[in-house]
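So the sequence shown is numbered by the numbering used here: it starts at 16 and just counts up by one. C-beta: ideal position from N, C-alpha, C; glycine also. A short write-up of the structure that comes next.
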Amino acid sequence: MARKKTVAVRLGLGGLAAIVAAAGTRYWHWYTRPIETPPGTVSAPLAWLGLDRIPIVGLATRLKWVITDPVELAARCRAAYGDVFTLRIPTFSDLTYVTGGEDYANALTLPTDHASIGPVLNQVPTVGYWFPREQDDPQTLQQLIMTGRRMMAELLPRSRVDSIPDQVADIVDRQAADWSDVVDLSDAVYRIVYEVAGRYFVGDEVWDQFGSRFTTYYRRIADGIDIVRAALSITPYHYLMPEYKCTRKLYRLIRDELPAYHGAESPLLRSIAASAIAEEPLSVADRRWMFMYVLWNATNYPGTYTYWTLVDLLARPGLADRVRAIPTRAARHEFLRRCLLETVRMYPVSSLIRFLEKPYEFRRDNVTYHVPAGQLLGVFPPALNRDSRHVLDDADVYDPDRYLRSPAPRIAGFGRGPFGCVAQHFSETVTAAVINELLERYEIVPLEKAPPRRVRVHQTYPAKPLPAMLIPRRVAAHALPVDCAQIIL
């Protein structure tokens with residue numbers, strides 16, 4: 016009897032293994048299927064690297080690369096396949112990269128009904144989920160995003176943006192009051208920028224009340240925008256994630272406490288109250304989401320730009336002294352604006368991605384490529400920004416003066432087209448004003464080498480804190496302990 020049971024168990028396990036093997040084989044054939052295209056066109060080559068070609072094992076290696084280092088994956092595929100290739104991502108849409116300069120412009124300027132962003136950002140925590148909206152679908156998310164972009168553009172008249180430098184000194188005074196002898200630049204710089212940007216958009220009264228919590232919540236949330244963490248965010252583990260907890264705290268603040276300030280002098284609240292989609296006022300849920308979204312963009316991007324531009328200045332002997340030697344504030348700001356462009360050029364976001372609502376066709380070397388609807392279309396700024404065909408005079412050298420020469424570099428900086436950045440001048444102004452104020456006041460002495468950059472699809476983050484001494488310049492003239500450039504390099 017026992018022997019019969021053993022045989023039955025073995026047969027059962029063998030049958031189960033056969034079913035699993037058959038299912039795995041079937042999935043592998045589906046996973047490696049060719050991309051069908053109309054007659055006279057071809058698909059971008061499917062990119063397979065190393066172990067990716069081995070059945071079943073290839074799924075694991077591809078997922079590992081996508082999750083842990085998507086930038087390196089795209090760079091390796093471009094080296095192996097050229098400017099056009101398709102990444103097949105398990106459980107997700109195919110992603111076709113077009114990495115040439117002309118491709119960058121063409122792909123990003125497609126109209127919103129051809130190449131959309133709603134299905135992309137719908138996969139991003141906080142913006143796409145966790146923070147409630149009236150409806151959860153990608154189409155209404157894109158409508159909200161477009162409305163938010165228009166709102167930001169209207170809140171950024173050049174005359175008002177140009178007044179920002181006059182507010183920075185007082186903000187640095189407030190922030191510096193809490194500094195100790197050693198300051199973490201990766202925290203201090205962000206806090207200054209968040210206050211500058213936050214006061215501009217939400218007004219002094221709202222920022223005085225909530226600014227400290229806004230800063231804490233948005234930093235945590237932004238630091239979590241990472242493929243690994245995004246993958247975890249759809250599992251039960253997300254309840255333990257700091258970015259989820261901060262999203263919920265931010266939501267409760269906006270829901271429960273912010274309404275008491277709707278009568279405050281707040282440009283953003285006033286703009287949201289007047290906003291509509293298809294002539295219909297925003298719902299209460301969408302007004303809350305819009306406040307979160309606009310303030311997210313207003314603080315996170317300038318914070319990242321300012322921090323890394325300052326790090327790049329400190330890492331290059333003489334640049335900080337060159338800034339200080341420029342006689343007028345306007346000229347210093349113009350130089351620092353070019354430094355920001357150079358930082359963004361050399362260390363851009365890893366990808367700009369759109370979802371194709373319609374097929375996309377383009378020609379390359381007398382071949383017509385066809386990318387089907389339902390796929391993702393991506394451009395790869397790191398490739399364009401280091402391409403000697405578009406960036407002359409040694410693209411691997413940090414050179415803010417390259418933008419003074421003709422022809423000026425053609426770079427992937429702030430995007431373009433219907434989803435391009437509407438706040439470039441704002442970001443340039445905030446970055447220049449904050450760095451100028453810090454360099455005028457302090458000799459900044461980093462105590463460690465600059466942390467590695469964590470380049471992500473969304474932004475570039477410091478891998479760890481950067482402690483530094485900020486010595487008032489009247490003291491530093493007598494007792495500067497070390498050359499900051501020697502430490503940071």
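{"Check": "Distance between beta carbons of residue 162 and residue 290, contact taken as under 8 angstroms", "Outcome": "6 angstroms"}
{"Check": "Residue 512 to residue 323 span [Cα, whole Å]", "Outcome": "Residue 512 falls outside the range modelled here, since the chain spans only 16 to 504, and no answer is possible."}
{"Check": "Residue span of the alpha helix (DSSP H) that contains residue 177, given as start and end", "Outcome": "Premise fails: residue 177 is in no alpha helix (DSSP H) and is neither H nor E."}
{"Check": "Range covered by the beta strand (DSSP E) that runs through residue 484", "Outcome": "482-487"}
{"Check": "Validate contact between the stretch 229-241 and the stretch 270-281 using beta carbons, cut 8 angstroms, 3 pairs", "Outcome": "no"}
{"Check": "CB contact flag (residue 123, residue 367, <8 angstroms)", "Outcome": "yes"}
{"Check": "Rounded distance between the beta-carbons of residue 320 and residue 364, thought under 8 angstroms", "Outcome": "About 11 angstroms; that fails the 8 angstroms criterion."}
{"Check": "At least 3 beta-carbon pairs within less than 8 angstroms: the stretch 472-488 vs the stretch 435-445", "Outcome": "no"}
{"Check": "Residue 209 versus 59, 304, 316, residue with shortest Cα-Cα distance", "Outcome": "316"}
{"Check": "Counted within 10 angstroms of its Cβ, other Cβ atoms place residue 392 as buried (16 or more) or exposed", "Outcome": "buried"}
{"Check": "Euclidean distance between Cα positions of residue 100 and residue 50", "Outcome": "12 angstroms"}
{"Check": "Distance between beta carbons of residue 256 and residue 247, contact taken as under 8 angstroms", "Outcome": "7 angstroms"}
{"Check": "Residues sharing a beta bridge with residue 393, DSSP", "Outcome": "112, 368"}
{"Check": "Validate contact between the stretch 371-387 and the stretch 111-128 using beta carbons, cut 8 angstroms, 3 pairs", "Outcome": "yes"}
{"Check": "At least 3 beta-carbon pairs within less than 8 angstroms: the stretch 371-381 vs the stretch 120-136", "Outcome": "yes"}
{"Check": "Helix, strand or coil at residue 199 [DSSP, three-state]", "Outcome": "strand"}
{"Check": "Residue 146 vs residue 254 beta-carbon contact at 8 angstroms", "Outcome": "no"}
{"Check": "Rounded straight-line distance, which links the Cα of residue 350 to that of residue 8", "Outcome": "Any answer about residue 8 is impossible in this case: the structure gives the chain only from 16 up to 504."}
{"Check": "Meets three-Cβ-pair contact criterion under 8 angstroms: the stretch 217-229 and the stretch 275-294", "Outcome": "yes"}
{"Check": "Residue 258 in three-state terms, based on DSSP", "Outcome": "helix"}
{"Check": "Residues that residue 145 bridges to, as DSSP identifies them", "Outcome": "141"}
{"Check": "Option nearest residue 356 by Cα separation, candidates 57, 484, 292, 429", "Outcome": "429"}
{"Check": "Exposure of residue 461, with buried meaning 16 or more beta-carbon neighbours within 10 Å", "Outcome": "buried"}
{"Check": "Residue 420 burial status per 10 Å Cβ neighbour count (16 or more: buried)", "Outcome": "exposed"}
{"Check": "Assigned exposure category for residue 117 - 16 Cβ within 10 Å defines buried", "Outcome": "exposed"}
{"Check": "Beta-carbon separation (whole angstroms), residue 77 vs residue 67, contact threshold 8 angstroms", "Outcome": "5 angstroms"}
{"Check": "Residues bridged to residue 130 (per DSSP)", "Outcome": "371"}
{"Check": "Buried or exposed by the 16-neighbour rule on C-beta atoms within 10 Å, applied to residue 487", "Outcome": "exposed"}
{"Check": "CA nearest to the CA of residue 403, picked from 423, 80, 390", "Outcome": "423"}
{"Check": "Which of helix, strand or coil DSSP assigns to residue 503", "Outcome": "Annotation note: pLDDT 44 at residue 503 (below 50); position unreliable, coordinate value reported separately. Correct three-state label for residue 503: helix."}
{"Check": "N- and C-terminal bounds of the beta strand (DSSP E) containing residue 102", "Outcome": "99-102"}
{"Check": "Residue 480 versus 171, 232, 102, 203, residue with shortest Cα-Cα distance", "Outcome": "203"}
{"Check": "Range of the contiguous alpha helix (DSSP H) that encloses residue 348", "Outcome": "344-361"}
{"Check": "Helix, strand or coil at residue 378 [DSSP, three-state]", "Outcome": "strand"}
{"Check": "Segment limits, alpha helix (DSSP H) that includes residue 272", "Outcome": "Element bounds for residue 272: n/a, residue is neither H nor E."}
{"Check": "DSSP state of residue 294 mapped onto helix, strand, coil", "Outcome": "coil"}
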